[in-house]
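In my numbering, the protein residues as written are 1 to 188.
Note that the Cβ used here is the ideal one computed from N, Cα and C, for glycine as well.
Contents: one structure, followed by commentary.
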Amino acid sequence: MKIESGDLVMPGDFLAVSEQFLPGQGAYDDEGFIKSTTSGNVYINIKSKEIEVISKSGGPVLLKKGDIIFGQIKDLRGQRALVDIQIKKGCSREFALPYKAAIHISQVTKGYLDRLNEAFRIGDIIEAEIIKVMGDNVDLTTIEDNCGVIKAMCTRCRNYMKPSKRNELYCERCNHKEKRKISSNYVE
Ligand SMILES: [Zn+2]
Numbered sequence: 001m002k003i004e005s006g007d008l009v010m011p012g013d014f015l016a017v018s019e020q021f022l023p024g025q026g027a028y029d030d031e032g033f034i035k036s037t038t039s040g041n042v043y044i045n046i047k048s049k050e051i052e053v054i055s056k057s058g059g060p061v062l063l064k065k066g067d068i069i070f071g072q073i074k075d076l077r078g079q080r081a082l083v084d085i086q087i088k089k090g091c092s093r094e095f096a097l098p099y100k101a102a103i104h105i106s107q108v109t110k111g112y113l114d115r116l117n118e119a120f121r122i123g124d125i126i127e128a129e130i131i132k133v134m135g136d137n138v139d140l141t142t143i144e145d146n147c148g149v150i151k152a153m154c155t156r157c158r159n160y161m162k163p164s165k166r167n168e169l170y171c172e173r174c175n176h177k178e179k180r181k182i183s184s185n186y187v188e
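Structure, rendered in structure tokens:
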């Protein structure tokens, strides 16, 4: 059986032969066989040729499909909103990888979305669900009601805005209205 990144292993489990990989954090060399010292998720670092086991109870976090994250909209590029993932919901630990995340325009909302800036603006704080992880590349969705923008500033005056109606935020300071994909967890 071939071990892959993300696989769950127990202490003493076989990971690889030492001709293939070096033992990294959470792994050791047992006479040519790389084994796990802990229970956790396997992480294979292709560049450094190291195989590691990220402990479940502590240490850095590997993201997986279904995880809910909080992040900030970094840029809107064509059909994709680029997201800086800040933290996994309910977990304060650091990430094992420097994740790069994006939301495709088709994954923003249930209905049709003409342009990304009708849902997000740079700097918005969002809650999103992970739909795919490929190494350090993460695809997100905000289709569910709990996902979307949870905090946003007015693009005119930088005041925090309040939801006024479905998919619309309102700035009390300058009366400006802006469209967003708003989460049911929006912070007022
Ligand atoms: Zn304003």
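Same chain, Cβ closer than 6 angstroms to residue i, five either side skipped, listed in chain order
| i | result |
| --- | --- |
| I87 | F70 |
| G78 | none |
| A81 | I73, I103, L116 and F120 |
Nearest neighbour of residue i, chosen from the options [CA to CA]
| i | options | result |
| --- | --- | --- |
| Y43 | K151, K49, S36 and V53 | V53 |
| K151 | I131, D136, G135 and E188 | E188 |
| H176 | R158, R166 and I182 | R158 |
Ligand 1 heavy atom lying under 7 angstroms from the CB of residue i
| i | result |
| --- | --- |
| R180 | no |
| H104 | no |
| R166 | no |
| R156 | yes |
Exposure of residue i, with buried meaning 16 or more beta-carbon neighbours within 10 Å
| i | result |
| --- | --- |
| G90 | exposed |
| E127 | buried |
| C171 | buried |
| I130 | buried |
| F110 | Contrary to the premise, residue 110 reads as Lys rather than Phe in this sequence. With fewer than 16 other Cβ atoms within 10 Å, it is exposed. |
| S5 | buried |
| K181 | buried |
| F21 | buried |
Original post:
Looking at C-beta atoms only, is the number of pairs between the segment 65-81 and the segment 28-41 that lie closer than 8 angstroms three or more?
Top reply: no
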